[in-house]
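**Q** Chain order of the listed sequences is A and B. The first sequence begins at 317 in the working numbering and counts up by one. The second sequence begins at 317 in the working numbering and counts up by one. Note that beta-carbon positions come from the ideal geometry of N, C-alpha and C, so glycine has one too.
2 protein chains.
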Amino acid sequence: MFAVLCGGVGAARFLLGAKEVCEADQLKAVVNCGDDIVLHGLHISPDIDTIIYTLSGEINPITGWGLREETWQAMGNLAKLGGKAWFNLGDKDLATHLFRTELLAQGATLTQITAALAEAFGVEIAVLPMSDDRIETRVLLDETALGESGEVGFQEYFVKLQHNVPVKQVRFDGASSAETSPQVVTALKEAEVVVIAPSNPVVSIGPLLALEEIRQAVSKRFSQGRPVVAISPLIGGRAVKGPADRLLSELGAEPSSVGIAKWYEDLIDTLIIDQADSHEAEAVEALGVRCVVTATDMSQPGVAADIAKLAFGL
Amino acid sequence: MFAVLCGGVGAARFLLGAKEVCEADQLKAVVNCGDDIVLHGLHISPDIDTIIYTLSGEINPITGWGLREETWQAMGNLAKLGGKAWFNLGDKDLATHLFRTELLAQGATLTQITAALAEAFGVEIAVLPMSDDRIETRVLLDETALGESGEVGFQEYFVKLQHNVPVKQVRFDGASSAETSPQVVTALKEAEVVVIAPSNPVVSIGPLLALEEIRQAVSKRFSQGRPVVAISPLIGGRAVKGPADRLLSELGAEPSSVGIAKWYEDLIDTLIIDQADSHEAEAVEALGVRCVVTATDMSQPGVAADIAKLAFGL
Numbered sequence: 317m318f319a320v321l322c323g324g325v326g327a328a329r330f331l332l333g334a335k336e337v338c339e340a341d342q343l344k345a346v347v348n349c350g351d352d353i354v355l356h357g358l359h360i361s362p363d364i365d366t367i368i369y370t371l372s373g374e375i376n377p378i379t380g381w382g383l384r385e386e387t388w389q390a391m392g393n394l395a396k397l398g399g400k401a402w403f404n405l406g407d408k409d410l411a412t413h414l415f416r417t418e419l420l421a422q423g424a425t426l427t428q429i430t431a432a433l434a435e436a437f438g439v440e441i442a443v444l445p446m447s448d449d450r451i452e453t454r455v456l457l458d459e460t461a462l463g464e465s466g467e468v469g470f471q472e473y474f475v476k477l478q479h480n481v482p483v484k485q486v487r488f489d490g491a492s493s494a495e496t497s498p499q500v501v502t503a504l505k506e507a508e509v510v511v512i513a514p515s516n517p518v519v520s521i522g523p524l525l526a527l528e529e530i531r532q533a534v535s536k537r538f539s540q541g542r543p544v545v546a547i548s549p550l551i552g553g554r555a556v557k558g559p560a561d562r563l564l565s566e567l568g569a570e571p572s573s574v575g576i577a578k579w580y581e582d583l584i585d586t587l588i589i590d591q592a593d594s595h596e597a598e599a600v601e602a603l604g605v606r607c608v609v610t611a612t613d614m615s616q617p618g619v620a621a622d623i624a625k626l627a628f629g630l
Numbered sequence: 317m318f319a320v321l322c323g324g325v326g327a328a329r330f331l332l333g334a335k336e337v338c339e340a341d342q343l344k345a346v347v348n349c350g351d352d353i354v355l356h357g358l359h360i361s362p363d364i365d366t367i368i369y370t371l372s373g374e375i376n377p378i379t380g381w382g383l384r385e386e387t388w389q390a391m392g393n394l395a396k397l398g399g400k401a402w403f404n405l406g407d408k409d410l411a412t413h414l415f416r417t418e419l420l421a422q423g424a425t426l427t428q429i430t431a432a433l434a435e436a437f438g439v440e441i442a443v444l445p446m447s448d449d450r451i452e453t454r455v456l457l458d459e460t461a462l463g464e465s466g467e468v469g470f471q472e473y474f475v476k477l478q479h480n481v482p483v484k485q486v487r488f489d490g491a492s493s494a495e496t497s498p499q500v501v502t503a504l505k506e507a508e509v510v511v512i513a514p515s516n517p518v519v520s521i522g523p524l525l526a527l528e529e530i531r532q533a534v535s536k537r538f539s540q541g542r543p544v545v546a547i548s549p550l551i552g553g554r555a556v557k558g559p560a561d562r563l564l565s566e567l568g569a570e571p572s573s574v575g576i577a578k579w580y581e582d583l584i585d586t587l588i589i590d591q592a593d594s595h596e597a598e599a600v601e602a603l604g605v606r607c608v609v610t611a612t613d614m615s616q617p618g619v620a621a622d623i624a625k626l627a628f629g630l
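(1) Under DSSP, the beta strand (DSSP E) around Glu418 (chain B) begins and ends at which residues?
(2) Let me confirm a value: Gly399 (chain A) is counted as buried when at least 16 other C-beta atoms fall within 10 Å, else exposed. Which label applies?
(3) Just the C-alpha distance for Pro559 (chain B) and Asn516 (chain B), rounded to the nearest angstrom, thanks.
(4) Might you give, ordered along the chain, the residues of its own chain that have their beta carbon closer than 7 Å to the beta carbon of Gln471 (chain A), omitting 5 neighbours on each side?
(5) DSSP three-state call for Ala260 (chain B): helix, strand or coil?
(6) Tell me the DSSP secondary structure of Val541 (chain B) in three-state form.
(7) Report the CB separation of Ala513 (chain B) from Leu321 (chain B) in whole angstroms; it is logged as a contact under 8 Å.
(8) Would you kindly check if the distance between the Cβ of Leu563 (chain B) and the Cβ of Val519 (chain B) is under 8 Å?
(9) My guess is that Ala411 (chain A) and Ala411 (chain B) are in contact by the Cβ rule of under 8 Å, so how many angstroms apart are they, rounded?
(10) Give a yes or no on contact between the stretch 612–628 of chain A and the stretch 492–499 of chain B, applying the rule of three or more CB pairs nearer than 8 Å.
(11) So, does the CB of Gln428 (chain A) fall closer than 8 Å to a CB anywhere in chain B?
(12) What does the alpha-carbon distance come out to for the pair Ser615 (chain A) and Ala592 (chain A)?
(13) Given that Leu358 (chain A) touches chain B, what residues does it touch there, using C-beta distances under 9 Å?
(14) Spell out a yes or no on whether the stretch 443–450 of chain B and the stretch 419–428 of chain B are touching, meaning 3 or more CB-CB pairs, one atom from each, closer than 8 Å.
(15) Using a Cβ-Cβ cut-off of 8 Å (strictly less than) and excluding sequence neighbours within five positions of Val337 (chain A), which residues of its own chain qualify?
(16) Please report the Cβ distance between Phe318 (chain B) and Val509 (chain B), rounded to the nearest whole angstrom; I am assuming they are in contact, meaning their Cβ atoms lie under 8 Å.
(17) For Ser594 (chain A), which option in A:Tyr580, A:Leu550, A:Leu583 and A:Trp381 has the closest C-alpha, if you only look at C-alpha atoms?
(18) Where does the unbroken beta strand (DSSP E) through Ala569 (chain A) begin, and where does it stop?
(19) Could you spell out the range, first to last residue, of the beta strand (DSSP E) harbouring Leu631 (chain A)?
(20) From Arg416 (chain A) to Glu581 (chain B), what does the alpha carbon distance come to, in whole angstroms?
(21) In terms of alpha-carbon separation, which member of B:His413, B:Val500, B:Asp341 and B:Val346 lies closest to Glu440 (chain B)?
(22) Given a threshold of 16 other Cβ atoms within 10 Å of its Cβ, counted over all protein chains shown, does Ile589 (chain A) qualify as buried or as exposed?
(23) Would you say Ala442 (chain B) touches the ligand SAM, meaning its beta carbon is less than 7 Å from a heavy atom?
(24) For Gln485 (chain B), which residues does DSSP report across the bridge?
(25) For Leu655 (chain A), list the residues DSSP reports as bridge partners.
(26) Where Gly490 (chain B) and Leu355 (chain A) are concerned, what is the direct C-alpha to C-alpha distance, given to the nearest angstrom?
(27) Please check the pair Val544 (chain B) and Ile584 (chain B), which I expect to be a contact at CB under 8 Å, by giving their CB distance rounded to whole angstroms.
(28) Classify Ala602 (chain B): buried if its beta carbon has 16 or more other beta carbons within 10 angstroms, exposed otherwise.
(29) Does Arg384 (chain A) come out as helix, strand or coil in the three-state DSSP assignment?
(30) Would you call the stretch 363–378 of chain B and the stretch 324–332 of chain B in contact, with 3 or more CB pairs under 8 Å?
(31) Which same chain residues end up closer than 8 Å to Glu570 (chain A) when comparing Cβ atoms and leaving out the 5 residues on each side of it in sequence?
(32) Verify the CB distance criterion: does Leu410 (chain A) have a CB-CB separation below 8 Å to chain B?
(33) Alpha carbon to alpha carbon, how far is Gly618 (chain B) from Gly333 (chain B)? Give it in angstroms, no decimals.
(34) Short of 9 Å Cβ to Cβ, which residues in the stretch 377–393 of chain B face chain A?
(35) Assuming Ala345 (chain B) contacts Ala442 (chain B) under a Cβ cut-off of 8 Å, what Cβ separation, rounded to an integer in Å, is found between them?
(36) Distance, Cα to Cα, Arg554 (chain B) vs Leu525 (chain B)?
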């Protein structure tokens with residue numbers, strides 16, 4: 317069994333490849349919920365949804381989020397009413413949030429609801445929220461950012477401001493008191509390999525590692541010499557999508573394979589990097605991290621499966 | 317200025333006529349919120365929405381509720397997920413509930429939100445929720461009802477069970493401690509005439525009169541000899557729409573003009589009844605209530621305006 321620490325789009329693409337190289341019941345995705353947001357009273361879990369939609373083939377292939385063949389009546393009317401419409405929720409997508417919110421109100425856990433959603437979408441991989449408690453990724457914007465300052469929620473930074481403002485600090489509100497689920501703890505303990513997906517280290521994997529139980533489980537594996545493999549989300553020192561490179565810089569880390577290796581220090585034994593960054597392999601290995609160089613552009617056919625094979629040691 | 321105590325469809329049609337016979341700013345609709353329901357985390361106010369949609373011309377003319385040219389993607393997908401889909405929420409209609417829920421979470425009152433919605437829909441009549449507090453109409457089903465017993469929320473009775481089960485009792489949870497808004501109190505005090513719309517006396521007007529401030533304001537007017545006029549929702553002893561006649565019977569009242577006059581005893585001085593019930597006029601007057609017989613079928617052109625003229629004494 318393989319456990320994968322996941323953010324959204326990058327992780328979802330990796331999982332698509334992973335399920336080509338092993339049985340679906342051998343895969344457990346532990347997914348970031350720090351991006352979750354309550355909007356209009358609805359509980360939205362963007363990373364979980366991106367993973368379920370991607371694995372089911374229902375993802376919108378153009379946007380990379382939301383559902384295919386979507387319509388936008390609700391948002392169109394909300395905008396007419398003068399409501400907050402910066403976070404786009406398609407009509408079909410809304411059903412997912414209505415379903416989740418109703419069941420949460422009835423006392424179901426996010427873990428239970430996510431399992432029900434995955435099943436309804438025909439996803440066979442175990443999709444495990446990192447926690448049933450509320451953790452909120454909060455982004456402190458740099459004072460020098462014109463027009464915007466202070467702390468905002470992750471989606472305000474990412475979607476509303478289009479991550480187009482410098483960041484001073486990121487914190488995970490609620491993480492210190494949050495628990496993770498027994499399923500997550502077991503998955504991280506029993507997995508043959510734990511993989512850190514090619515997701516944003518700061519805001520996608522960061523919330524997972526901010527949970528004491530997850531960090532300790534990964535750290536313990538590392539100290540016992542049991543495999544923990546990270547896949548760099550950078551190609552040629554740049555994020556494939558999103559602000560990973562900029563965020564690393566802004567928080568004082570290097571936006572490079574070496575920066576990633578240091579970010580995951582004492583947690584990973586292997587880092588898979590792109591061939592465009594092969595010149596960094598030696599420096600990564602100098603940190604005591606085994607460095608595997610390969611093609612990592614998952615927009616190309618077969619690449620995600622090949623990376624999964626390498627990561628899983630198959 | 318005229319104040320109208322309102323339920324949903326019948327009241328909305330009456331108001332459409334009323335605004336033909338007086339200026340819009342002379343009309344204040346005080347609307348039932350006992351039917352309000354929180355579903356999927358969203359606060360839904362069916363009677364308020366029916367009134368706003370009807371007055372704006374956006375009501376779906378076929379169903380009598382919801383918006384015209386509606387689509388059903390969200391509900392269709394929710395049903396596929398196995399979610400509760402018995403309460404139909406169209407995609408465009410959802411925007412109203414998202415808007416309301418978001419603003420409630422931000423601390424706005426239902427009164428403020430309803431005013432914003434009315435304005436966005438171009439409705440000039442003041443639409444006043446009966447209260448900013450939560451009052452829930454609860455329906456105790458008769459034990460003899462096959463398969464269903466115990467107490468259910470109003471929408472479960474009305475929509476899910478299609479009011480197709482006998483009722484033993486109706487109560488208005490929260491009404492004894494709820495306050496109404498200053499706008500409502502002022503409207504009922506200052507109106508030249510208070511009109512009770514042709515709505516269900518039990519479950520539409522009932523919640524309004526269960527609020528001490530509203531009942532007292534109407535009762536005080538009555539005792540001072542200031543006009544309070546009710547319009548019977550029955551034609552030929554039957555409800556035009558919905559279960560008013562059956563509910564009256566089940567709760568021990570007569571489903572007739574006389575029954576309505578008794579239901580509003582010591583609150584109204586005038587009852588407008590349909591010509592099909594003209595044989596009851598004498599019995600109504602014997603109760604000390606002036607009885608006006610006229611055509612009340614508001615599906616016919618001009619009828620709502622004619623009733624409004626009579627009710628307002630114009």
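**A** On the basis of the supplied data:
(1) Looking at the DSSP string, Glu418 (chain B) is not in any beta strand (DSSP E); the run it does join, the alpha helix (DSSP H), is Asp407 to Ala421.
(2) buried
(3) 8 Å
(4) Asp351, Ile353 and Phe403
(5) Missing from the structure shown is residue 260 (chain B); chain B here goes from 317 to 630 and no further.
(6) In the sequence as presented, Val is not what sits at residue 541 (chain B); that position holds Gly. Correct three-state label for Gly541 (chain B): coil.
(7) 6 Å
(8) yes
(9) Going by Cβ atoms, the distance from Ala411 (chain A) to Ala411 (chain B) rounds to 15 Å, so no, they are not a contact pair.
(10) no
(11) no
(12) 15 Å
(13) His356, Gly357, Leu358, Leu414 and Thr417
(14) yes
(15) Ala621, Ala624, Lys625, Phe628 and Leu630
(16) 5 Å
(17) A:Leu550
(18) It is not in any beta strand (DSSP E) - Ala569 (chain A) carries neither H nor E in the DSSP assignment.
(19) For residue 631 (chain A) there is no data in the structure shown, the boundaries of chain A being 317 and 630.
(20) 47 Å
(21) B:Asp341
(22) buried
(23) Ligands are entirely absent from the displayed structure, and the ligand SAM is therefore not among its contents.
(24) B:Leu456
(25) Residue coverage of chain A in this structure runs from 317 to 630, which leaves residue 655 (chain A) outside it and unanswerable.
(26) 27 Å
(27) 5 Å
(28) exposed
(29) coil
(30) yes
(31) Leu564 and Lys578
(32) yes
(33) 7 Å
(34) Leu383, Glu386, Thr387, Trp388, Gln389, Ala390, Met391, Gly392 and Asn393
(35) 7 Å
(36) 22 Å
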